[in-house]
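Here the structure is laid out as structure tokens; the discussion comes afterwards.
Number of protein chains: 2
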Amino acid sequence: MTDTGERVRATEAVAQERAKGSGPDWQPLQPQTLVDHAIEAIIAGAAAGLILPGDRIVEVDLARKLGVSRVPVREALRLLESQGVVVSEPYKGIRLRPVTNERVSDLIEARIALEASAVVRAVAAGRNRGSHLDELRAAVAEMELMAARGSAYGVAVADTGFHRALCRLGGNSVTFDLWETLAPQCTIIFGLATFGKPMAGVVEEHVDLLAAFEAGDIAVITRTLDEHITVMNHAMDYEAIVAQRRKERDLP
Amino acid sequence: MTDTGERVRATEAVAQERAKGSGPDWQPLQPQTLVDHAIEAIIAGAAAGLILPGDRIVEVDLARKLGVSRVPVREALRLLESQGVVVSEPYKGIRLRPVTNERVSDLIEARIALEASAVVRAVAAGRNRGSHLDELRAAVAEMELMAARGSAYGVAVADTGFHRALCRLGGNSVTFDLWETLAPQCTIIFGLATFGKPMAGVVEEHVDLLAAFEAGDIAVITRTLDEHITVMNHAMDYEAIVAQRRKERDLP
DNA sequence: TTTCGTATGATTGTATACGATCATACGACC
DNA sequence: GGTCGTATGATCGTATACAATCATACGAAA
Chain A
1 MTDTGERVRA
11 TEAVAQERAK
21 GSGPDWQPLQ
31 PQTLVDHAIE
41 AIIAGAAAGL
51 ILPGDRIVEV
61 DLARKLGVSR
71 VPVREALRLL
81 ESQGVVVSEP
91 YKGIRLRPVT
101 NERVSDLIEA
111 RIALEASAVV
121 RAVAAGRNRG
131 SHLDELRAAV
141 AEMELMAARG
151 SAYGVAVADT
161 GFHRALCRLG
171 GNSVTFDLWE
181 TLAPQCTIIF
191 GLATFGKPMA
201 GVVEEHVDLL
211 AAFEAGDIAV
221 ITRTLDEHIT
231 VMNHAMDYEA
241 IVAQRRKERD
251 LP
Chain B
1001 MTDTGERVRA
1011 TEAVAQERAK
1021 GSGPDWQPLQ
1031 PQTLVDHAIE
1041 AIIAGAAAGL
1051 ILPGDRIVEV
1061 DLARKLGVSR
1071 VPVREALRLL
1081 ESQGVVVSEP
1091 YKGIRLRPVT
1101 NERVSDLIEA
1111 RIALEASAVV
1121 RAVAAGRNRG
1131 SHLDELRAAV
1141 AEMELMAARG
1151 SAYGVAVADT
1161 GFHRALCRLG
1171 GNSVTFDLWE
1181 TLAPQCTIIF
1191 GLATFGKPMA
1201 GVVEEHVDLL
1211 AAFEAGDIAV
1221 ITRTLDEHIT
1231 VMNHAMDYEA
1241 IVAQRRKERD
1251 LP
């Protein structure tokens, strides 16, 4: 049984444990340091639009807002920098990474590449049948529920869960960790875009994806994944969305 | 022209600039903070076997050895943690990530997946001809030179350069950054393994790879890349190598 | 003998204080 | 008027000091 050894947030750690299928086991609880809290807060703040892509992030301000000193904030920012969430220039400052349509496209493409690799491996290992699909099915069900309720956020969360589970089934912990690296950035971007229109279509797409996965038809899976790209990418102008958000915020 | 915005070491930044082919341009020089030095030192130390996988890393000791305070060391370790080079448990300690054969295999597989994705995109964009190949050719030449000199380390460096260039030609900065994330771990592992035997074979493989790339034959490229995996993976027992190193170090 | 409570040293997490660097603005000099 | 030197406030980088936590060892009580 592979253990990534990474530190993960408590909620995810639980989900990860559940996914192993070996029943509810004791989870060696990890202390939540202020660094972890800071990381989560920054991502959440970015996804909520409190800080917009390109915005300056001043350590002391952020530290004051979070009620901690600069040190944990700095360490959190360093970690986020290595994930590409923020960009930093020594002695000049840190800012939330600006969003360009090209970057969004690259981000999605990279994510798809990782997932495709994972899927191929999962199918090769026969992890595309039976109880292995439990988590995927649950995610789809959740997605349908949230779509019915009209909760775009809920759909987005379930969507992320689906792809995460898919990636984990590949069994390659490195690939999975890389995927996790990308996840926060996706959260931020899609959070800003409110994941607006499709909803119903998205759900259906995942149903298809799941079916193709169970059938082991890699060509179909790859094609379906690729459609994600084109839809996500050409359907929205993320730069415009950010500009719009900025205008809304700066005027009143 | 895309700018990843990441902080990179000066030497790499220069190479990156050169690779753009737009002539020697002014490089906006980046201050080298102690954090950067610490990162480099840790990776170098690990690759040189000063610290072995699984070894405890005590902040204050490392800080003393590097002649700096704990803060930059901590930040460096945070960054390396997010890259998977070290693992950390709050209040308990940080250690160099233990090496298992499975992990090495996963690492290589993930890297190959990224490179394959990049290659497909590079070929699709027509960046597999003419001056785009300059850097690749240079890397192969360097490899041949180093092989002739019998410098395993030199070959390894050139090898890394080749694959980095290949990945960059894909034009997806996210994919490239992910690849860079994996690079230090590969450096450490292959550094320990001394990259021993093949040498001549490795050089030849890259010549083939380059030819296939120029021909745009994706199937051949993929297959050649996959051979890397199996060779690297099944040819060596990394766990045994580390154990051997440890024994050598602990006894005298 | 086993188990539990407590003390102790080591190590990490966090806060504060200080030094280094940058961007900007202003005024002197040409 | 333009260019350069210099001052100033803001911000980041680093060092030091203190608090929190852990692993271990030791001893008392059952």
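Top line first, the protein sequences correspond to chains A and B. If you count the first sequence from 1, position 133 lands on 133 in my numbering, and the numbers rise without skipping. If you count the second sequence from 1, position 241 lands on 1241 in my numbering, and the numbers rise without skipping. Backbone N, C-alpha and C fix where the C-beta goes; we use that ideal spot for every residue, glycine too. Values in this document were obtained by computation on a predicted structure and should not be read as measured data.
Residue range of the unbroken alpha helix (DSSP H) whose run includes Leu114/A | 101-124
Sequence-distant residues of the same chain with beta carbon closer than 7 angstroms to Ser1022/B, five excluded per side = Caution applies to Ser1022/B, whose pLDDT of 49 falls short of 50 and renders its modelled position unreliable; the model cannot decide the point.
List the endpoints of the continuous beta strand (DSSP E) containing Arg1095/B.
-> 1093-1096
Minimum Cβ-Cβ distance from Arg223/A to chain B less than 8 angstroms | no
Secondary structure of Val85/A, DSSP reduced to three states | coil
Chain B contact residues for Val174/A, given Cβ-Cβ distances below 8 angstroms = Gly1084, Arg1103, Asp1106, Leu1107, Glu1109, Ala1110, Leu1182
In or out: Tyr91/A buried (at least 16 other Cβ within 10 Å) or exposed?
-> exposed
For Thr1187/B and chain A, any beta-carbon pair shorter than 8 angstroms?
-> no
Consult DSSP for Arg56/A and reduce its assignment to one of helix, strand or coil.
-> strand
Going by alpha carbons, who is nearest to Ile1057/B out of Ala1047/B, Leu1166/B, Arg1097/B?
-> Arg1097/B
For the alpha helix (DSSP H) holding His1206/B, just list the boundary residues, first then last.
-> 1200-1215
For Ser1069/B, the three-state DSSP class (helix, strand or coil) | coil
Relative to chain A, which residues along the region 1117-1133 of chain B have a C-beta separation below 7 angstroms, given in chain order?
-> Ser1117
N-terminal and C-terminal residue of the alpha helix (DSSP H) that Pro184/A is part of = 173-193
Residue interval of the alpha helix (DSSP H) (run including Leu1166/B) = 1152-1169
Measure from the C-beta of Pro1072/B to each C-beta in chain A and report whether the shortest distance is under 8 angstroms.
-> no
Can you list, in chain order, the residues of its chain whose CB lies under 7 angstroms from that of Leu1225/B, leaving out five sequence neighbours each side?
-> Ile1112, Glu1115, Ala1116
How about the region 1129-1138 of chain B and the region 1153-1170 of chain B: do they share at least three Cβ pairs that are nearer than 8 angstroms?
-> yes
Whole-angstrom C-beta distance between Gln1185/B and Gly1084/B, which should lie under 8 angstroms = 6 angstroms
Proximal residues to Leu1182/B (C-beta, below 6 angstroms), its chain only, five neighbours per side dropped = Arg1111
C-beta contact flag for Val119/A and Phe213/A at 8 angstroms | yes
Which residues of chain A have a Cβ atom closer than 8 angstroms to the Cβ of Asp1055/B, listed in chain order?
-> The contacting residues do not exist; Asp1055/B stays about 14 angstroms from chain A at best.
With 16 as the cutoff for other CB atoms within 10 Å, does Trp1026/B come out buried or exposed?
-> exposed
DSSP on Gly1021/B, reduced to helix/strand/coil?
-> Low confidence applies here, because Gly1021/B scores a pLDDT of 47, under 50, leaving its location unreliable and the question unanswered by this model.
Report the residue from Leu1062/B, Phe1176/B, Leu1029/B, Pro1031/B whose alpha carbon sits nearest the alpha carbon of Ile1043/B.
-> Leu1062/B
Leu136/A: first and last residue of the uninterrupted alpha helix (DSSP H) it sits in = 134-149
For Val1060/B and Leu1066/B, believed in contact at Cβ under 8 angstroms, the rounded distance | Not confirmed; about 11 angstroms, so no contact.
Residue environment, Leu77/A, which counts as buried when at least 16 other CB atoms sit within 10 Å | buried
Since I believe Glu204/A is in contact with Asn101/A (beta carbons under 8 angstroms), could you give me their beta-carbon distance rounded to a whole number of angstroms?
-> About 25 angstroms; that fails the 8 angstroms criterion.
7 angstroms Cβ shell around Ala158/A - same chain, five flanking residues per side excluded | Ala139, Glu142, Met143, Met146
Taking 8 angstroms as the CB-CB cut-off, is Thr33/A touching chain B?
-> yes
Coarse secondary structure for Leu1029/B, derived from DSSP in three states | coil
Asp1177/B versus Ala38/A: straight-line alpha-carbon distance, rounded | 24 angstroms
Leaving aside the five residues before and after Ala1165/B along the sequence, list all residues of the same chain whose C-beta is less than 8 angstroms from its C-beta, in chain order.
-> Ala1019, Glu1135, Leu1136, Ala1139
Can you give me the start and stop residues for the alpha helix (DSSP H) that Arg1127/B sits inside?
-> Note, Arg1127/B: premise wrong, no alpha helix (DSSP H); not H, not E.
Which whole-angstrom value is the C-beta distance of Val1086/B and Leu1080/B, which I expect to be below 8 angstroms?
-> 5 angstroms
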